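To start, the structure itself, in structure tokens.
Number of protein chains: 2
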Amino acid sequence: MLKRYLPILQWLPHYNRHTLIDDTLAAFVVTLMIIPQALAYALLAGLPAVVGLYASILPLIVYTVFGTSRTLAIGPMALISLMTAAALSKVAPPGSEAYIDAAITLTLMVGILLTLMGALRLGFFANFLSHPVISGLLSASGVLIAASQMANMAGLPNAGFTLTQQLANLWRHIDALHPLTLAIGFMSLGLLLAIRRSGPLLQRSGLSAARARFLIKMGPILVVALATWICWLGELAGRGVAVVGHVPSHLPPLGLPSTDSDIWRSLLVPALLISVVGFIESIALAQMLAAKRRESISPDQELIGLGTSNIASALSSGMPVIGSLSRTMVNFSAGARTPAAGAISGISVALITLFLTPLIKYLPTATLAAIIIASSITLIDTGTIRRTWRYSRSDSAAMGATIVLTLIEGVEIGIMAGVTLSIALFLYRTSRPHSALVGRLPGTEHFRNIDRHDVESDSHLALLRIDESLYFANARYLEDTVYDLVTRHPEIEHVVLICSAINLIDASALESLDAINARLNDSHVTLHLAEVKGPVMDRLKSSEFLDELTGRVFLSTYGAWKTLSRNDGAPQHSGD
Amino acid sequence: MLKRYLPILQWLPHYNRHTLIDDTLAAFVVTLMIIPQALAYALLAGLPAVVGLYASILPLIVYTVFGTSRTLAIGPMALISLMTAAALSKVAPPGSEAYIDAAITLTLMVGILLTLMGALRLGFFANFLSHPVISGLLSASGVLIAASQMANMAGLPNAGFTLTQQLANLWRHIDALHPLTLAIGFMSLGLLLAIRRSGPLLQRSGLSAARARFLIKMGPILVVALATWICWLGELAGRGVAVVGHVPSHLPPLGLPSTDSDIWRSLLVPALLISVVGFIESIALAQMLAAKRRESISPDQELIGLGTSNIASALSSGMPVIGSLSRTMVNFSAGARTPAAGAISGISVALITLFLTPLIKYLPTATLAAIIIASSITLIDTGTIRRTWRYSRSDSAAMGATIVLTLIEGVEIGIMAGVTLSIALFLYRTSRPHSALVGRLPGTEHFRNIDRHDVESDSHLALLRIDESLYFANARYLEDTVYDLVTRHPEIEHVVLICSAINLIDASALESLDAINARLNDSHVTLHLAEVKGPVMDRLKSSEFLDELTGRVFLSTYGAWKTLSRNDGAPQHSGD
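Chains as they are written, first to last, in numbering that gives the first Met the number 0: chain A, 0 to 575; chain B, 0 to 575.
This is the structure we're talking about:
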């Protein structure tokens, strides 16, 4: 029991020198990645760069205690930072004290919501975000994030959370473009993209694949070091290039968030969306990697792990944190063995915050913007968009709505529209179930669609197979189908509903079956059922329907055929 | 084409003296019922009594032209009047000119919405109101309507649209109770209920069943006549008994509604709900009766019929109209043959409005309240509540939420909560699909659940039957089920997913199948499919899944068994 809620107890007793060495090596690489990413994502969220570091200390240590994934590397993440900025800008002006306070409140709310969802075992809620919606959301947010950082890269003020607002902002301030900043931005971006593509070149020049991968992952920290050095050397801050500036060299101040109920109320919906999106991203990542190593993840405990990490982030002046795709992959491939690697990273970030922050004083924000752009364009996944379009028009519709609305109305509206449309389309599809009149494959006990196969049939007997569970949204459609059938074929004396694909009959559908039974009876047609599944039958027995049914319930379609058909062809099998 | 949009062209050419006689007789009975009901429902909607008459003239004539039901008797109806009152009270004080104007605007909006829904063929939307939700709504509104009329029956001011508000209102004004009014109200109610139960007595005293039914249906008009006569005789209006008072003896003034966009905006949601509820009630009634006589109803044209009737009602100073249950049943059993019966009723009401309104001047409103109470208590359907509870807990939950929220928060919140909960519960149920490991019934080609039947199985071969369509809400659950299976049974070499109950695989589920295929491959387990339906297979062929599938697609489970099983028992059939 205790082990379930404190997963650390499962691995800590077996911890030894070997695991420590593996974890420390992985943590070292991850820490080098955290620094530029944390600074950049804090900037994306409209917060001081140091907040990103604060969010990468205590939360990582807390996740080590409560998380179930052995390799998930948590911390600030691009999409969540964008959503954070959009939420906060509604309650306070960016850059103000109130904005930073609101960020802490939002983080605490996310933490509480995730923990509550875990405690109430609501992990399954995440299933309602369909894959096309998530994929559309990520692609659109890649575009949005890149667009938002164009302004930072050009030395312009950054404004807006929709593509239209951002493009309008760029257009409006185009005159204020700062060429030197832009040059540093483009240089950083070019270098980042070049390093990312340098794998084959590095290997050809004799490096092992693993070493080449490591060097590529270190690209951002190299670019940060180079740009900072150039800025310091050229005294570019004095020539109008925006830099990170003075960062206080102390551990995050501990404190409590605002208790203003208006702020809590207006942050509730964004906090909920951040929680759900963050959870889905993290759990998908954690499950994928756990499966590769045959470890297991508990979604509900994972919610508690992420929730407590966010609460820790809020209490230490941080921002919302979730599992980071890039750092988790590096942590996994660098060989982290236990969640202790996360705690070691957290402690390393704390040491860097204490002793090395003076080094980033001259880091240009245009370089951080370039890092965000380089990583956000990898979110744009045209492969999935194409594949979904080929596979299913209605899934594409949900994806398209998510993309378009995210771009022009922002992330929140985009998600909500995508989820609503996914559900509506699913209900619409199931509201007009496929059904088929079937006939007997001559000489067999098998029955097939009379429109697709050459089968025996009997004009007095309609064998109707319904390919969907029966519930309120399709109950009336079923009635229409049956009435239409007997109206078009007045010679029908028996209707057999073949229920092999019916997994559920709800109360509305039961009323419809009652109505069908009564109306067919009025016109001297008998209603039968065949191949009713066990759970459905159990349920029907608790109603009065079976007493009122004018016909019988057959175990198999062949049984119904044998009993009801007047067809002359003598049955060639005797089994039922 | 013209006949589709003008259903009158289908029957008018065959109209003759016989149909005219039948229609006129039915119209006579229905008109006698309309008068008290129309006055009472106008009162329930907070409108002058005469508005109920206005709404029973032109709309009936218009429905004759555009409606497809031969027997639907339209006009004001209890639940719709209650919803009208709730909607109007938000935009104007009851009794004011603005309130009457808003009623006309609301009626026009309902008309436009219904007509548009018909033109856009959106009739299927009504399917999302499940039977338990409608039934719960009717039961709860029966209670609400009765409670709201208690005040009128006792001579107290009427206030509130939730049970709590109404009970508080009664309690607050209990001192102002008017004993004489209450006496008339109770007398009227007692008489109405006594007449309703007098069927057996009347038949025992020698009347035919048909005549007894006719007399019972005339109960309200008899009570109205009696109460009016008593009031006139005893000059009770002078002694504080509220009466209908002077009713202008002219046809409804034609006119246009308000163009104030604020009012339109705040009436939009109520208008939509009134439209959907009104449509469902009408179409259910019309279809039930049409089926009895083997006539047919077009739901989309029916929307246009109801829509144009409401537009006609708005243009002639009326209120929202829909199919009335009690009058439609009487119209049907009195032998109406064509929609002309409705037009004849409409003309009769016009004549009564012109010449007989002075007669209702002394009609006490307490008697109208008693008529509403007597009819609203018939809406409370404890039988369905009990049946639903026995049949399905989750349908009962949707019904219970609808009832409770309608009573304490009003009709609109009640409907929306019921619909949301129905959909959420359906998604939840399908998100954890039933699945079963199956084995072979010895010596046959049939396969059954290994937990329920005594079957052959093979420890290297898992035959997993999934009893639900695969879509985003259950895709991850499927992954968990399969991974859990192979983790618990490391000896498994082949997993066969039996797809006989899978009617749909959406893009999210396809991703999950891809993931399952890849992960099983990692642990040297082969994935196969069996019994994939035609439409599902067509879809899979348009993706890359089948190319990547490590195993095969079998036509039948038996085929998979024959090929993959190592079980020693030699197959006893040779068919595949």
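Cβ coordinates follow ideal geometry from the N, Cα and C atoms, glycine included. What you are looking at is a predicted structure, and each value in this text was computed from that prediction instead of being measured.
Asked	Found
How many angstroms separate the CA atom of B/Thr337 from the CA atom of B/Pro156?	43 Å
So the candidates are B/Asp453, B/Thr443, B/Tyr470, B/Arg439; which of them puts its Cα closest to the Cα of B/Leu463?	B/Arg439
Along chain A, in chain order, which residues have C-beta atoms closer than 7 Å to that of B/His130?	Phe471, Ala506, Ser507, Glu510
Mapping DSSP to helix, strand and coil, what is B/Pro534?	helix
Taking 8 Å as the threshold (beta carbon to beta carbon), is B/Lys532 in contact with chain A?	yes
Would you say B/Ile422 reaches chain C, if we count a Cβ-Cβ gap shorter than 8 Å as a contact?	Of the chains in the structure shown, none is chain C; the protein chains are A and B.
Checking 8 Å against the spacing of the C-beta atoms, do A/Leu253 and A/Leu176 come in under that value?	no
Please report whether the beta-carbon of B/Phe331 lies at a distance below 8 Å from any beta-carbon of chain A.	no
In terms of residue numbering, what span does the alpha helix (DSSP H) encompassing B/Gly218 cover?	218-232
Contact defined as beta carbons within less than 8 Å: I believe A/Leu505 pairs with A/Phe544. What is the distance between those atoms, to the nearest angstrom?	At residue 505 of chain A the sequence reads Asp, which differs from the Leu that was named. The Cβ separation is near 13 Å, so there is no contact.
Could you tell me if the beta carbon of B/Ala139 falls within a distance shorter than 7 Å of some heavy atom in the ligand NAP?	In terms of ligand content, the structure shown is empty, and the ligand NAP therefore cannot be addressed.
Are the C-beta of B/Pro570 and some C-beta of chain A separated by less than 8 Å?	Confidence in B/Pro570 is poor, its pLDDT being 42 and thus under 50, which makes the residue's placement unreliable; the coordinate value appears in the next sentence. With 8 Å as the cut-off, B/Pro570 does not count as an interface residue toward chain A.
How about A/His433: is its C-beta nearer than 8 Å to some C-beta of chain B?	yes
So, under 8 Å CB-CB, B/Leu469 and B/His493 are touching, yes? Tell me the CB distance rounded to an integer number of Å.	Not confirmed; about 20 Å, so no contact.
If we ignore side chains and look at the alpha-carbon of each, how far apart do A/Arg3 and A/Ile303 end up?	11 Å
At which residue ranges does the segment 46-82 of chain A contain complete alpha helix (DSSP H) runs of 4 or more residues, listed in the order of the chain?	48-53, 57-65
Check whether the segment 70-83 of chain B and the segment 399-407 of chain B are in contact - that is, three or more C-beta pairs closer than 8 Å.	no
Should B/Val454 go down as buried or exposed, given a rule of 16 or more other Cβ atoms within 10 Å for buried?	buried
Note down, in chain order, each residue of its chain lying with its Cβ closer than 6 Å to the Cβ of A/Ala333, except the 5 sequence neighbours on either side.	Ala25, Val28
Give the interface partners of B/Arg326 over in chain A, defined as CB-CB distance under 8 Å, in chain order.	By Cβ distance, chain A contributes nothing, its closest Cβ being about 22 Å from B/Arg326, past 8 Å.
Find the residues of chain A that neighbour B/Thr381, judging by a C-beta separation of less than 7 Å, and give them in chain order.	Ordered by position in chain A, no residue passes the 7 Å Cβ test against B/Thr381, which lies about 15 Å from the chain.
Run through chain A and tell me which residues come within less than 7 Å of B/Thr387, C-beta to C-beta.	Ala506
In chain order, what residues of the segment 549-569 of chain A put their CB closer than 8 Å to some CB of chain B?	none
For A/Phe446, would you say it is in contact with chain B, using Cβ-to-Cβ distances shorter than 8 Å as the test?	no
Quick check: is the beta carbon of A/Glu547 nearer than 8 Å to any beta carbon in chain B?	no
Do you know how far the Cα of B/Ala283 is from the Cα of B/His172?	40 Å
Would you mind stating whether B/Pro58 and B/Gly317 have Cβ atoms separated by less than 8 Å?	yes
Distance, Cα to Cα, B/His17 vs B/Ala340?	13 Å
Taking 8 Å as the CB-CB cut-off, is B/Leu302 touching chain A?	no
Could you tell me whether the segment 136-144 of chain A touches the segment 375-382 of chain A, using the rule of 3 or more Cβ pairs below 8 Å?	yes
On a CA-only basis, which of A/Ala270, A/Ala289, A/Trp228, A/Leu288 is nearest A/Asn309? Give me that one, please.	A/Ala270
Throw me the rounded Cβ distance for the A/Leu191 and A/Val222 pair, which I believe falls under 8 Å.	6 Å
Identify the contact partners of A/Ser541 in chain B, using a Cβ-Cβ distance below 7 Å as the criterion.	Arg389, Tyr390
Let me check one thing: in DSSP terms, what residues is B/Ala461 bridge-paired to?	B/Val494
Assign A/Val495 to one of two classes, buried (16 or more other C-beta atoms within 10 Å of its C-beta) or exposed (fewer than that).	buried
Just mark A/His130 as buried or exposed, buried being the case when its beta carbon has 16 or more other beta carbons within 10 Å.	buried
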